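As structure tokens, the structure follows; a few thoughts come after it.
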Amino acid sequence: MMHSKKKQARRLSEYVDSVITRARAEDTGPCDNDPALGELAVLASKLSEVRLVMPEQLPQDVFRRVARERIAEEPRVNGPLWRMSRVSSIFDWRPLKLQVPIGIACALIVAFTVWFSKAVPVSAATVLARSETALASLTGPDEVLHRRWSTKTDSTCSSSGDAGVRTGILDEWLETNGRVRSAGRSIKANGALRWAYTTGGAENRHLVYFPPSPSHPQGLLNIEPTREEYYAAVQRFPADRQPVLRAYLDRGYLVEPVVSDQQFNWRAITDQTNIEKLPRVILTMEKANRENGEAYYRVRIAEDRRPWFWWSAAGEPAVWLEHQETVRFISAGTYLSWRVESKRQDDQGCWLTTTRELVTEERVSKSKATSDVFAWTIPSGTPARRQSASQLLGAVLAALDGTNPSGPRQSLE
Amino acid sequence: MASGDVPVSLSWQLTRAEDLSPDAVRFARIYENSLRHVYSFIRAQVHDISTAEELVGRVYLKAYQHRAKLPASDEEAVFWILRVARTTLIDYFRVEGRREAVSVPLEEIAVPPHGAANPEVQYLEQQRRRSLIGFINEFEDDAREVLLLKFFAQRTNREIAAILHLSEGAVSMRLLRALRTLRVRLTEAGW
Chain A
63 MMHSKKKQAR RLSEYVDSVI TRARAEDTGP CDNDPALGEL AVLASKLSEV RLVMPEQLPQ
123 DVFRRVARER IAEEPRVNGP LWRMSRVSSI FDWRPLKLQV PIGIACALIV AFTVWFSKAV
183 PVSAATVLAR SETALASLTG PDEVLHRRWS TKTDSTCSSS GDAGVRTGIL DEWLETNGRV
243 RSAGRSIKAN GALRWAYTTG GAENRHLVYF PPSPSHPQGL LNIEPTREEY YAAVQRFPAD
303 RQPVLRAYLD RGYLVEPVVS DQQFNWRAIT DQTNIEKLPR VILTMEKANR ENGEAYYRVR
363 IAEDRRPWFW WSAAGEPAVW LEHQETVRFI SAGTYLSWRV ESKRQDDQGC WLTTTRELVT
423 EERVSKSKAT SDVFAWTIPS GTPARRQSAS QLLGAVLAAL DGTNPSGPRQ SLE
Chain B
355 MASGDVPVSL SWQLTRAEDL SPDAVRFARI YENSLRHVYS FIRAQVHDIS TAEELVGRVY
415 LKAYQHRAKL PASDEEAVFW ILRVARTTLI DYFRVEGRRE AVSVPLEEIA VPPHGAANPE
475 VQYLEQQRRR SLIGFINEFE DDAREVLLLK FFAQRTNREI AAILHLSEGA VSMRLLRALR
535 TLRVRLTEAG W
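If you read the protein sequences in the order shown, they are chains A and B.
Quick note: the first sequence uses the working numbering, first residue 63, plus one each step.
Quick note: the second sequence uses the working numbering, first residue 355, plus one each step.
As structure tokens, this is what we get:
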């Protein structure tokens, strides 16, 4: 009796294992029932068909949690590779007794990096990921990173005959210690403010200020939705339209600091989607040397259909589609970009070529700064407009479907 | 996926912590291979989806913290993570002091492909599958674990034996007993 029970158990297990192996391989074809096992085999087949739907965001959420908690426990001495470039400045102020161990540690890190860079083939996504890493730990407890870029924009519109060259300065401030805050200010060639933004606070909300212009005589303070508000708004759209909106949000077009490197990195690295109306981002990379011999990565990010938008002070945002290619020049030593080139072509035959070149980069002590770069004052009486996430996402869908009205673009500039 | 690849969608988060070191790359790969099974194994035993998400997070956090102990082969590493999932659940139930009834709404039950054309068939099939989860949760720990590791974590007997530190023969016997009991209960319930 016992022997027969064991035999039946073994036979059942063999049968169930074959069912499970097929289920694991997503093989949905019919499975031959073993008649000797009778109803138990039928029951096992039924059970093997039960699948639970995993929440769409779970893989990202769990992994983010793991990464976040790891960062929290990671001592700063194991920080990203970019810090190696700061070795000389460490030696300037450290007491002599600390210099030897620091020197040994740095030498070991350099040796590991050289080994690592040779041993592991580097992909475009890896370079951008390391760049992201560098940015994530860029500043110390009392520091803000200030970067100044020179900008040049060439535009040509075959439909309207408009063409022009615009130059200016872009100042960016970034704080990444614990939380990410950023602020930026775009200055025209004549010294006038083009726009300014700040982001941060508990909600990480973006505030953008546009000074008075012919279309907005009193200027405008644009209050943009938060990341959470955008994702919550997606739920209000039909289920079959939600994936494309999530892909749009996941690419970070909206929810990352407006002009920082992080926006580029996020979009380029996280994107794996290939939704019909929003084809995936294509990354390619090559290694090159600057005139001074310094190695860098030239990472090209191509987007076949990128929704661009412009907030409006009066009503719905304008959204249109563009083809865009961005090339980032990323230092192989620090993984920070020093030049960005982008070419955009819209659906009305307009071309826009923008070049950003790093002019200066410095870490500034917050306690010694005369003012808080993340807080600015705007003229009293400036109207404020709280933008709607649902409105923007609705306009994005219309643009992707080709049903968006062709209203004014860049009306705030 | 080649062995050196890391899922691009995860790499940026990974690199924040460790700059794509080989063991972190491997962890990401194992994470991708095991998550669906770990989630199903846990979700089928806890009251709601948010508890499942929280516990899955704990599992991978523990696994990441102790990743130095990951077995050398990726296949065994998945068993190891399922073992972590099992102990995480045991700890959770111990702290809670009781097991709340499992509630799996129909929208969490995947639509059967053959019933998709007929909404009524689909609905009934989803209900039956939900009932099966309910019946399994009424079992004693030993039987429940074997059934869930088998059908929700999709493990073979050899793998279950490795996870539970049992012999394959013992797993076979437990599986036979559990399926027989389930069959009896389903008959009693009018299936």
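Glycine is no exception: its CB is placed at the ideal position from the N, C-alpha and C atoms.
What you are looking at is a predicted structure, and each value in this text was computed from that prediction instead of being measured.
Find the nearest neighbour of residue i within the set the options, judged by alpha-carbon distance.
i	options	result
residue 501 of chain B	B:534, B:407 and B:465	B:534
residue 278 of chain A	A:102, A:358, A:445 and A:313	A:445
residue 482 of chain B	A:105, A:243, A:342 and A:118	A:105
residue 340 of chain A	A:312, A:346, A:364 and A:306	A:306
residue 446 of chain B	B:433, B:381, B:408 and B:457	B:408
residue 423 of chain B	B:437, B:518 and B:538	B:437
residue 391 of chain A	A:385, A:352 and A:238	A:352
residue 21 of chain A	A:382, A:204, A:304 and A:73	Nothing can be reported for residue 21 of chain A: it is not among the residues displayed for chain A, which extend from 63 to 475.
residue 202 of chain A	A:238, A:213, A:224 and A:208	A:238
residue 360 of chain A	A:394, A:384 and A:337	A:394
residue 413 of chain A	A:216, A:379, A:388 and A:124	A:216
residue 71 of chain A	B:541, B:524, B:488 and B:544	B:524
residue 530 of chain B	A:447, A:409, A:431 and A:77	A:77
residue 462 of chain B	B:528, B:403, B:442 and B:496	B:403
residue 358 of chain A	A:389, A:439, A:375 and A:342	A:389
residue 69 of chain A	B:522, B:460 and B:542	B:522
residue 450 of chain B	B:473, B:405 and B:435	B:405
residue 431 of chain A	A:85, A:380, A:86 and A:206	A:206
residue 460 of chain A	A:219, A:378, A:123 and A:102	A:378
residue 209 of chain A	A:224, A:400, A:354 and A:272	A:400
residue 214 of chain A	A:127, A:236 and A:416	A:416
Let's test the definition: count the other Cβ atoms within 10 Å of the Cβ of residue i and tell me whether it reaches 16, buried, or not, exposed.
i	result
residue 12 of chain A	One cannot answer for residue 12 of chain A here, as it falls past the ends of chain A, which runs 63 to 475.
residue 417 of chain B	buried
residue 519 of chain B	exposed
residue 248 of chain A	buried
residue 254 of chain A	exposed
residue 110 of chain A	buried
residue 440 of chain B	buried
residue 66 of chain A	exposed
residue 179 of chain A	In this predicted model, residue 179 of chain A has a pLDDT of only 41, less than 50, meaning its place in the structure is not dependable enough to derive any value.
residue 280 of chain A	exposed
residue 121 of chain A	buried
residue 444 of chain B	exposed
residue 466 of chain A	buried
residue 448 of chain B	exposed
residue 478 of chain B	exposed
residue 128 of chain A	buried
residue 442 of chain A	exposed
residue 396 of chain A	buried
residue 463 of chain A	exposed
residue 220 of chain A	exposed
Can you tell me the Cβ-Cβ gap for residue i and residue j, rounded? I've got them flagged as a contact below 8 angstroms.
i	j	result
residue 309 of chain A	residue 436 of chain A	Not quite, the Cβ-Cβ distance comes to about 30 angstroms (not below 8 angstroms), so this is no contact.
residue 211 of chain A	residue 425 of chain A	Going by Cβ atoms, the distance from residue 211 of chain A to residue 425 of chain A rounds to 16 angstroms, so no, they are not a contact pair.
residue 298 of chain A	residue 452 of chain A	6 angstroms
residue 480 of chain B	residue 465 of chain B	7 angstroms
residue 384 of chain B	residue 431 of chain B	5 angstroms
residue 296 of chain A	residue 455 of chain A	7 angstroms
residue 449 of chain A	residue 252 of chain A	Contact doesn't hold; Cβ gap of about 29 angstroms is too wide.
residue 458 of chain B	residue 498 of chain B	Not a contact, Cβ separation roughly 15 angstroms.
residue 517 of chain B	residue 433 of chain B	5 angstroms
residue 384 of chain A	residue 364 of chain A	With a Cβ gap of about 12 angstroms, residue 384 of chain A and residue 364 of chain A do not count as contacting.
residue 62 of chain A	residue 410 of chain B	In the structure displayed, chain A extends from 63 to 475; residue 62 of chain A sits before or after that span and is not available.
residue 440 of chain A	residue 271 of chain A	5 angstroms
residue 381 of chain B	residue 421 of chain B	5 angstroms
residue 447 of chain A	residue 236 of chain A	At roughly 26 angstroms, the Cβ-Cβ gap does not stay under 8 angstroms, so residue 447 of chain A and residue 236 of chain A are not in contact.
I want to see whether chain C comes within less than 8 angstroms of residue i, judged by CB atoms only; does it?
i	result
residue 520 of chain B	Of the chains in the structure shown, none is chain C; the protein chains are A and B.
Quick one: is the Cβ of residue i within less than 7 angstroms of any heavy atom of the ligand NAD?
i	result
residue 351 of chain A	The ligand NAD is not among the ligands present in this structure, which contains no ligands whatsoever.
Open item on the list: Assess contact between the region 384-400 of chain B and the region 503-511 of chain B, defined as three or more Cβ pairs (one per stretch) separated by less than 8 angstroms. Is contact present?
Closed with: Output reads yes: the region 503-511 of chain B touches the region 384-400 of chain B.
- [ ] Taking only beta carbons into account, state which residues of the region 336-368 of chain A come closer than 7 angstroms to chain B, listed in chain order.
- [x] Going along the region 336-368 of chain A in chain order, one finds no residue with a Cβ nearer than 7 angstroms to chain B.
Task: Members of the region 386-403 of chain B near chain A, C-beta cut-off 9 angstroms - done: Across the region 386-403 of chain B, CB contacts with chain A closer than 9 angstroms involve 386, 389, 390, 391, 393, 394, 397, 398 and 403, in sequence order along the chain.
Task: Where the region 495-511 of chain B meets chain A: residues whose CB sits under 8 angstroms from a CB there - done: Sequence-ordered contacts of the region 495-511 of chain B with chain A read 501, 504, 505, 506, 508, 509, 510 and 511 [C-beta pairs closer than 8 angstroms].
Open item on the list: For the structure I just gave you, are there three or more beta carbon pairs, one from the region 347-355 of chain A and one from the region 366-384 of chain A, closer than 8 angstroms?
Closed with: The answer is no - the region 366-384 of chain A does not touch the region 347-355 of chain A, with fewer than three Cβ pairs under 8 angstroms.
- [ ] Using a Cβ-Cβ cut-off of less than 7 angstroms, give me the residues of the region 411-433 of chain B that come near chain A, in sequence order.
- [x] Those would be 411, 414, 415 and 418, in chain order.
TODO: Please determine if the region 112-125 of chain A and the region 510-517 of chain B are in contact, where contact requires at least 3 C-beta pairs separated by less than 8 angstroms.
DONE: Judged by Cβ distances under 8 angstroms, the region 112-125 of chain A makes no contact with the region 510-517 of chain B, as fewer than three pairs qualify.
Task: chain B contacts made by the region 112-128 of chain A, where a contact means CB separation under 8 angstroms - done: Considering only beta carbons, the part of the region 112-128 of chain A lying closer than 8 angstroms to chain B consists of 112, 113, 114, 115, 116, 117, 120, 121, 122, 123, 124, 125, 126, 127 and 128, in chain order.
Task: Selection of the region 447-465 of chain B by Cβ proximity to chain A, strictly under 8 angstroms - done: Hits within the stretch, in order: 458, 461, 462, 463 and 464.
Open item on the list: To be precise: take each residue of the region 72-87 of chain A, compare its Cβ to all Cβ atoms of chain B, and keep it if any distance is under 7 angstroms. Which residues remain?
Closed with: Of all residues in the region 72-87 of chain A, 72, 74, 75, 78, 79, 82, 83, 85 and 86 have a Cβ within less than 7 angstroms of some Cβ in chain B.
- [ ] Check distances from the C-beta atoms of the region 523-538 of chain B to those of chain A and list, in chain order, the residues that come in under 8 angstroms.
- [x] Answer in chain order: 523, 525, 526, 527, 529, 530, 533, 534, 536 and 537.
- [ ] Below 7 angstroms between beta carbons is the criterion; list the residues of the region 394-423 of chain A that meet it against any residue of chain B, in chain order.
- [x] Per Cβ criterion, the list is empty.
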